[in-house]
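This report refers to the structure that appears directly beneath it.
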Amino acid sequence: MVFHTGDESYKCKKCGKCFAYRCRLREHVRISHTDDRPHKCTECGKCFAYPCRLREHVRISHTDDRPHKCTECGKCFAERRVLREHIRGIHTHNGPHKCMESGKCFAFRSHLHCHMLIHNKV
247 MVFHTGDESY
257 KCKKCGKCFA
267 YRCRLREHVR
277 ISHTDDRPHK
287 CTECGKCFAY
297 PCRLREHVRI
307 SHTDDRPHKC
317 TECGKCFAER
327 RVLREHIRGI
337 HTHNGPHKCM
347 ESGKCFAFRS
357 HLHCHMLIHN
367 KV
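In structure tokens:
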């Protein structure tokens with residue numbers, strides 16, 4: 247196991263990034279500095295550098311798999327990140343955009359704008 251000791255002896259000639267292992271440098275060069283994307287989606291043709299990214303793409307884009315469920319409203323999402331954004335934007339009323347009439351706060355200005363429609367203030 248290698249820890250960050252500062253002894254990273256494999257340096258990328260294109261960007262200067264250093265790696266402890268030669269195989270990590272080769273992978274970095276292939277992914278970051280070439281168009282090598284060997285993993286192709288059979289549904290839409292989109293290509294990926296890593297097989298795990300292709301699997302994620304297929305699950306999110308070409309299936310109905312939505313394993314991340316909001317405990318507040320029951321809406322389901324394909325990605326945990328999108329669920330977190332949903333909760334922050336919809337269910338957390340402590341954002342920086344405050345309605346002067348009702349006092350409710352919103353994470354996004356667009357949500358405040360939609361809320362203001364109930365007050366007929368837009």
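The sequence shown begins at 247 in the numbering used here and counts up one residue at a time.
A virtual CB, placed ideally from N, CA and C, is assigned to each residue, including glycine.
- Rounded to the nearest angstrom, the gap between the Cα atoms of residue 269 and residue 293 is 22 angstroms.
- Residue 275 places its beta carbon less than 8 angstroms from that of residue 258.
- For residue 293, DSSP records a beta bridge to 286.
- The beta carbon of residue 283 sits closer than 6 angstroms to the beta carbons of 293, 294, 295 from its chain, once the five residues preceding and following it are set aside; these are given in chain order.
- Secondary structure of residue 258 (DSSP, three-state): coil.
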